[in-house]
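Under this note's numbering, the first residue of the sequence shown is numbered 2, with each subsequent residue one higher.
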Amino acid sequence: MIRILSDQLINQIAAGEVVERPAAVVKELVENALDAGARHIEVELERGGVGLIRIRDDGSGIEPDQLTLALQRHATSKIASFEDLEQVGSLGFRGEALPSILSVSRLRLVSRVAGAEHAWAVEGEGQLASGEPIPAAHPLGTQIEVRDLFFNTPARRKFLKTEATEYRQAHQAMQRIALSRFDVGFALKHNQRRIWEFAPAASASGREARLAEICGREFVDHAVPLDEQRLGMRLHGWVGLPSFARSQADLQFFYVNGRLVRDRLPSAALRRAFADVMHSTHHPAYVLYLELDPASVDVNVHPQKTEVRFRDGGSVHDMLFAAVHQLLRRVRPQDGATHDVALPSPLTAAPAVRSASSTPAWAARPQQQGFRYGAAASGAWSTQLAESRAEFGAGAGRATAAVGVAESASDSVRETPESDEFPLGHALAQLQGVYVLAQNRHGLVLVDAHAAHERILYERLKGELDRGGIAAQSLLVPQRLQLQEDEIEILEARREELARYGIVFDRSGPETVLLRAVPPLLTEAAVIELLRELAGDDQRRESASHFGELLEAQQRILADVACKAAIKANRKLSLAEMESLLRDMERTEMAGQCNHGRPTWIQVGMGELDRLFLRGR
């Protein structure tokens, strides 16, 4: 038999979409407070929010004759027509949250508007109690108490997690909202204990303090600000440096017109922007705000409004990618605010005291990155070919060298003061055939020669590719390569693409190809190894989404070529060659990381070195 459901049952069904757990209640009610113009919002929880959720705000309040209407389904003050729905500027607009919450809890709503003698209150258990609003004591604004969540739907209550888990979810919901509105003060209490309180942050230092409290001081220290306007949109916020890449996507906050969203389009654009400087299994960290015309984004596509649909998704994607990609390319070694790197003390394990003026802010921290990246790379050249191909002359006409220097450059250690012209300073020596040691005016610089050279070659190869392709060097004797038939078909499908990288081959049999030309950077053996990897890894790479965003084929191949051609461990460098490598790094975009996201250099400031030797004590 078909029957019309009761209003209470309809609301309880709607609550299943809107009110999944206490955190969802907190989110909906705090967003209502923000829509009411609140400048201070206090949230109090008991038993993770299952026992009590109390939200107090100093917003505009609700008129007495509107209180009962506010608890009715699809009653809202935020939209009145389809045109309003097409350009929603508020966080809430459907009029579903309050009646849905009421249907599964014991709720009390108290509100007072400006000019009123006192506040008015309504309440209900599962449904609105009969009768008119009653007088109550309350300052200007609104207070909503939600008790015994899911008391009348025991099946739903069984699916709730532990108190600690539900509290953590509610706490994170509050943090996400606090990041969206720095101009609003927020306070959070749990089980009668104040957890945190944020005052409204009008200054840059205040915003940074809130950002550090929520995202961690480490994020603030490794993030750069972004503010770009183009195509009628504005993107601003903070982007974590590639050296701060995460193993999980746990530090990604993206807001559209003040609303936190988790949408595939911005995620893909931002991940693509990091593709050149981050390993495909890592995740970038960012707190970003996109502002655009409300009419150009549809927020009415998800029950909890966490997904959106852009009218011109291509423009949004291009804007996000270009803004972040260009920001990352602008980050190069240069003088800036300074702080010390913490190294282990020779006498104690106590935390190091950081100096305020010893190490540039762009310097990565050893405890974050470690010291032995890139020490052992596959596809090493033979000693003779490495010596002959890795020419450090400027006139070679190809991207084979770290950089060109005059043969007459002095190999003696420099004794002149370090000038500001060279942020990475001047080379001193090579350590264990892996690291270049240099000194600048801040202290000691350590460079991973392989990782740094890899980035330099990668950027040069990209430039050659943009100018029409990488020159191929024909082999006097073609090299034969045995592969499985399906692997050869994979390479055949990419023949034209590989030719742009200077790799030319022909199929000479069902399971054989002849390698006829290679890029000047690589030996025949290295190219054969690269072809085997491309043929064997293609299916795996195409099936692995890495959270929906694969590295582009161009980036993968160029990264592989650069890695195999770069300086290998135990390659002895002259002082002139090391000096030339430093200068090339200073001229190269994204020189702070190799193509896999590893750091290429770190700075150890004089303050930290003094501490290690107990100077000044």
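Think of the CB as a built atom: it goes at the ideal place given N, C-alpha and C, for glycine as much as any other residue.
Chain-order list of residues whose beta-carbon lies under 7 Å from that of residue i (same chain, five-residue window excluded)
| i | result |
| --- | --- |
| ASP507 | VAL514, LEU515, ARG517 |
| PHE322 | ALA270, ARG273, ALA274 |
| ASN571 | GLY434 |
| LEU462 | ALA400, ILE471, LEU559, VAL562, ALA563 |
| SER106 | VAL147, ARG148, ASP149, LEU150, PHE152 |
| HIS454 | ALA403, ALA567, ILE568, LEU582 |
| PHE614 | none |
| GLU543 | Because the pLDDT at GLU543 is just 42, under 50, the model does not fix this residue reliably, and the point stays unresolved. |
| HIS191 | LEU46, TYR168 |
Distance cut-off 7 Å: residue i Cβ against heavy atoms of the ligand GTP
| i | result |
| --- | --- |
| ALA324 | No copy of the ligand GTP occurs in the structure displayed, which carries no ligand at all. |
Per DSSP, cross-strand counterpart(s) of residue i
| i | result |
| --- | --- |
| PRO513 | Reading the sequence as shown, one finds Thr at residue 513 and not Pro. Note: THR513 sits in a beta bridge opposite GLN483, GLY510. |
| VAL309 | Its beta-bridge partners do not exist; DSSP assigns none. |
| GLY537 | Bridge partners of GLY537: none, in fact. |
| SER475 | ALA518 |
| ARG247 | HIS284 |
| VAL1 | The shown model of the chain, from 2 to 618, leaves out residue 1, and the question about it has no answer. |
| ASP299 | ARG310 |
| ARG260 | VAL257 |
Extent of the continuous beta strand (DSSP E) run through residue i
| i | result |
| --- | --- |
| MET234 | 234-241 |
| VAL185 | Counting along the chain, VAL185 falls outside any beta strand (DSSP E), and DSSP gives it neither H nor E. |
| PHE423 | Per DSSP, PHE423 belongs to no beta strand (DSSP E) and is neither H nor E. |
| VAL44 | 41-47 |
| VAL257 | 253-257 |
| ARG109 | 107-113 |
| ASN441 | 436-441 |
| GLY606 | 602-606 |
| GLU292 | 287-292 |
| ARG588 | Counting along the chain, ARG588 falls outside any beta strand (DSSP E), though it belongs to the alpha helix (DSSP H) covering 576-588. |
| ILE568 | Looking at the DSSP string, ILE568 is not in any beta strand (DSSP E), and its letter there is neither H nor E. |
| ALA224 | 224-231 |
Beta-carbon gap between residue i and residue j smaller than 8 Å
| i | j | result |
| --- | --- | --- |
| LEU129 | LEU150 | no |
| GLY444 | MET579 | no |
| VAL221 | PRO243 | no |
| LEU141 | ALA115 | yes |
| THR601 | CYS595 | yes |
| VAL51 | LEU227 | no |
| VAL185 | HIS139 | no |
| ARG113 | GLY38 | no |
| ASP585 | ILE457 | yes |
| LEU46 | ALA188 | no |
| GLU219 | ALA324 | no |
| ALA174 | ALA296 | no |
| HIS597 | HIS280 | yes |
| VAL225 | VAL332 | yes |
| LEU70 | PRO134 | no |
| ILE603 | LEU429 | no |
Cβ neighbours of residue i in the same chain (closer than 8 Å, five flanking residues each side left out)
| i | result |
| --- | --- |
| ILE504 | ALA473, LEU516, ALA518, VAL519, PRO520, VAL528, LEU531, LEU532 |
| ARG1 | Lying outside 2 to 618, the shown extent of the chain, residue 1 is not represented and no answer is given. |
For residue i, the first and last residue of its enclosing alpha helix (DSSP H)
| i | result |
| --- | --- |
| GLU209 | 205-216 |
| ALA450 | 450-467 |
| PHE322 | 314-331 |
| ILE54 | No alpha helix (DSSP H) holds ILE54; the beta strand (DSSP E) holding it covers 53-58. |
| ASP623 | The displayed coordinates of the chain run from 2 to 618. Any statement about residue 623 would go beyond what the structure contains. |
| ARG273 | 265-274 |
| ARG496 | 496-501 |
| ILE196 | Here ILE196 belongs to no alpha helix (DSSP H); instead the beta strand (DSSP E) covers 194-199. |
| SER592 | In the sequence as displayed, the identity of residue 592 is Ala instead of Ser. Counting along the chain, ALA592 falls outside any alpha helix (DSSP H), and DSSP gives it neither H nor E. |
| LEU68 | 68-71 |
| GLY98 | Looking at the sequence provided, one finds Ala at residue 98 rather than Gly. 98-103 is the span of the alpha helix (DSSP H), which, as asked, contains ALA98. |
Nonlocal neighbours in the same chain, by C-beta distance under 6 Å from residue i, ignoring five residues either side
| i | result |
| --- | --- |
| ARG501 | GLY470 |
| TRP382 | Unreliable placement is indicated for TRP382, whose pLDDT of 25 sits below 50; no coordinate value is reported for it. |
| ARG48 | GLU164 |
| TYR256 | SER181, TYR290 |
| LEU53 | GLU47, ARG148 |
| VAL354 | Low local confidence applies: a pLDDT of 38 at VAL354 is under 50, so the model's placement there is unreliable, with the coordinate-based value given in what follows. Taken in chain order, the list of residues that qualify is empty. |
| ARG235 | GLU292 |
| PRO511 | GLU486 |
**OP:** Counting only runs of 4+ residues fully inside the region 114-175, write out the alpha helix (DSSP H) ranges in chain order.
**Re:** Along the length of the region 114-175, whole alpha helix (DSSP H) runs at least 4 residues long occupy 155-159, reported in chain order.
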